[in-house]
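2 protein chains.
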Amino acid sequence: MEDNKLLDMLMQTPGEYISGEEISRRLGISRTAVWKQINKLRLEGYEFEAISRRGYRLVSKPDKLEYTDVIKALKTNSFGQRLKLIDVTTSTQEEMRLLAEQGAPSGSLIIAEEQTSGRGRHGRKWLSPAGKGIWMSLLLRPELPLSCAPQLTLLCAVAVCRAIRAVTGVNTGIKWPNDLLVDGRKVCGILIESVGEDELIRYCVAGMGIDVNLGIEDYPADLKGIASSLKIESGRDCDRALLIGAVMNEFEKLYELYLEQGFTPIGHLWEALSVTIGKKITVKTARGEIQGTADGLDPSGALILKSNDGQNINIFSGEVQLG
Amino acid sequence: MEDNKLLDMLMQTPGEYISGEEISRRLGISRTAVWKQINKLRLEGYEFEAISRRGYRLVSKPDKLEYTDVIKALKTNSFGQRLKLIDVTTSTQEEMRLLAEQGAPSGSLIIAEEQTSGRGRHGRKWLSPAGKGIWMSLLLRPELPLSCAPQLTLLCAVAVCRAIRAVTGVNTGIKWPNDLLVDGRKVCGILIESVGEDELIRYCVAGMGIDVNLGIEDYPADLKGIASSLKIESGRDCDRALLIGAVMNEFEKLYELYLEQGFTPIGHLWEALSVTIGKKITVKTARGEIQGTADGLDPSGALILKSNDGQNINIFSGEVQLG
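If you read the protein sequences in the order shown, they are chains A and B. Quick note on the numbering used here: the first sequence kicks off at 0 and runs consecutively. Quick note on the numbering used here: the second sequence kicks off at 0 and runs consecutively.
Right, here's the structure in full:
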């Protein structure tokens, strides 16, 4: 509580110094207590300048997601309205699966500032440093057959892609099924985990990892040239709360369209944003590699590959490489 | 350990009494200790007759699954070979999902003597009294698209149905998708829970609840006439270890056939055992009730319903009622 009073005081006079003595007098605490609070705030990411005889000055605030900022950015009925913000977790997917098993409602959203074991497809590690990205998991409970889950994967990619384009202007495209790329560099990964009972979906957890404000220095050597962030691509910081809101708004709109009209309109939107369609690609499947030209989506969401000998092959799963 | 010596002694002389004094002398323990061990064994389900001056006699053993008996009944490469027997658990499905998340291999099997929260489809409770049935969960890790999961549901029904027929001679049939019935009474329920990542299956847990040796008195009023057991239908006790082995043997054989040749041969076997095909049925779906005649399975495993106005409708999910 007192932290906030001290912060409020420093934030009310941006750029100006306030002496430790004055803070101490106004808050009615000792100068040692002032110093301790300043240090505590520094650990939370606030930066202060301290000059002897002049006092303290707030230099910068941490980019921390605020509950109210996210809620304010939502224009949804349910998506994101049940919101849990976490400072640090192993993985928002694991957190959400626990909540799902406890009966959390469709539309529940968990966002973490940092993930220590963020996961991508095939158990790959997903870099998720504190405060730099959007690491979040959305719970869906559609009353649909399990065979529809892959369509939700494509729908999610469309929603995030459209939100990123609208908020940042960065020209992202979708690589089948759900990687978001800018000039071949990945700025967002999506992972939909589905739990089904016999032929029905019980729930899906849509995991989204968006590299928002990472700098070049944040990427280890093996990701340089492969991964990138919206900040690197646009040259600007991006307001994460605004982007989260835009993703939820797009996602809910498309989800309702899908439940009403089926996959056809979603498939058209996906194809329009795709960087795969019309390109020469190589697909690594469990049964080996296939080469050909990506021709479109079939009604189920499978990728139609026109192989080099003229056959149409439906790809239900596999890793796509352009070229 | 000493329990076993006492048991061994009583089992070596079936029908005869051994005096407490003699047991005490032979095992080198006090007569109070003998009495305590007898009581402990009684709690485990052993029945003894105790007559003063004559001693103790073993009347009956609990029907308890023995690890070695189950293993002996297996003719499989992997199904059931990693076996965990549990006295009592909430649900073998939950137990297996925990093991699956920890990386247990395909073919792992958990069997419980008793489930306190056994589950059927749609979260319904499944009666699972101690020692009377087969309550088990098998882990599968097929490298298949998620859309194949419903086919595994049908495959599992075929495997259990064939095993029951072979071991007990009871003429069970399959109601779409996976209930096993004898003259309309349910003797086995199957629930396949699938966990997928994007378009791929990560793992499936096939839950099977077979009412083996339940008596009429074991069923509450609301299940009478609806549920039945193999013992009630055949008039004989059934060796549970043998039946578990038969299910695993059938299941692995059909699973390998499926991975090699796809769903077509499985679909034919399913149709041959079905009590649904050719019958007038009512299907309750999320969108309401449909009536018609069950005509067969489509290549994906959906039920083809010829509606009363002559249309063919593919049923992907729903509750089937005969008549």
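Where is the CB? At the ideal position from N, CA and C, for every residue including glycine. A quick note: this is a predicted structure, and the numbers were derived from the prediction, not measured.
Residue i: contacting residues in chain B (beta-carbon distance under 7 Å)
i	result
I191(A)	D197
S107(A)	None at all; the shortest Cβ gap to chain B is about 19 Å.
A205(A)	In chain order: nothing, as chain B lies at least about 10 Å away.
R120(A)	E196, D197
Contacts around residue i, its chain only, beta-carbon distance under 6 Å, and the 5 residues preceding and following it disregarded
i	result
M0(B)	Its pLDDT being 37, under 50, M0(B) is placed unreliably in this model, and the value from its coordinates should be taken loosely. Once the five neighbours on either side are set aside, M0(B) has no close Cβ partner at all.
L6(A)	none
A103(A)	L138
T326(A)	Residue 326(A) cannot be examined here, being either before or after the span of chain A that is shown, 0 to 322.
L22(A)	The sequence as given places Ile at residue 22(A); Leu does not occur at that position. Closer than 6 Å at Cβ, skipping near neighbours: V33.
A72(A)	A240, L241, G244
K278(A)	A293, L321
Beta-carbon proximity check, residue i vs residue j, cutoff 7 Å
i	j	result
A156(B)	I133(B)	no
G135(B)	M207(B)	The amino acid at residue 135(B) is misidentified as Gly; the sequence shows Met. Against a cut-off of 7 Å, the Cβ pair of M207(B) and M135(B) comes out as a contact.
F250(A)	F47(A)	no
G291(A)	Q150(A)	no
G172(B)	V274(B)	yes
L179(A)	V186(A)	yes
K60(B)	L26(B)	no
S146(A)	S146(B)	yes
L321(A)	I314(A)	no
I276(A)	L154(A)	no
S105(A)	R140(A)	yes
S326(B)	G117(B)	For chain B, the structure presents residues 0 to 322; residue 326(B) sits outside this window and is missing.
V204(A)	Q92(A)	yes
V319(B)	I289(B)	no
L302(B)	W175(B)	yes
T167(A)	I191(A)	no
Where residue i falls, given that 16 or more other Cβ within 10 Å makes a residue buried
i	result
I110(A)	buried
K131(A)	buried
V58(B)	exposed
E232(B)	buried
L258(B)	exposed
S29(B)	exposed
R161(B)	buried
L126(A)	buried
M95(A)	buried
N38(B)	exposed
I163(A)	buried
G19(B)	buried
P298(B)	exposed
N177(B)	buried
Y66(B)	exposed
Per-residue contacts from residue i into chain B (C-beta, under 8 Å)
i	result
K149(A)	The sequence shown places Pro at residue 149(A), not Lys. Residues of chain B passing the Cβ test: P144, L145, S146, D197, E198.
S316(A)	P144, D197, E198, L199
Close Cβ partners of residue i (< 7 Å) along its chain, the five nearest in sequence each way excluded
i	result
Y16(B)	I50, R53, G54, Y55, R56
K74(B)	N248
A158(A)	V246, E249, F250, L253
T115(A)	V87, T89
Interface residues of chain A facing residue i [CB-CB closer than 7 Å]
i	result
P176(B)	D197, E198
A293(B)	The contacting residues do not exist; A293(B) stays about 16 Å from chain A at best.
Where residue i meets chain A, residues with beta-carbon distance less than 8 Å
i	result
T152(B)	D197, E198
R123(B)	Result: empty, since nearest Cβ-Cβ is about 11 Å, beyond 8 Å.
S116(B)	The premise fails here: S116(B) is roughly 13 Å from chain A at the closest Cβ pair, so nothing lies under 8 Å.
A285(B)	E142
Cut-off 8 Å between Cβ atoms - residues of its own chain near residue i, not counting five sequence neighbours on either side
i	result
P144(B)	E198, L199, I200
P128(A)	E113, L213, D217
G195(A)	L145, A148, R201
L256(B)	P264, I265
The ligand ZN heavy atom lying under 6 Å from the CB of residue i
i	result
I163(B)	Questions concerning the ligand ZN fall outside what the structure shown contains, since it holds no ligand whatsoever.
task = Please confirm if the region 210-229 of chain B is in contact with the region 47-61 of chain B, defined as three or more CB-CB distances below 8 Å between the two stretches.
result = Flag = no, the region 210-229 of chain B and the region 47-61 of chain B do not touch.
Inter-stretch contact at 8 Å, needing at least 3 Cβ pairs: the region 207-223 of chain B / the region 236-247 of chain B = Yes, they touch.
Inter-stretch contact at 8 Å, needing at least 3 Cβ pairs: the region 111-130 of chain A / the region 80-89 of chain A = The region 111-130 of chain A vs the region 80-89 of chain A: in contact.
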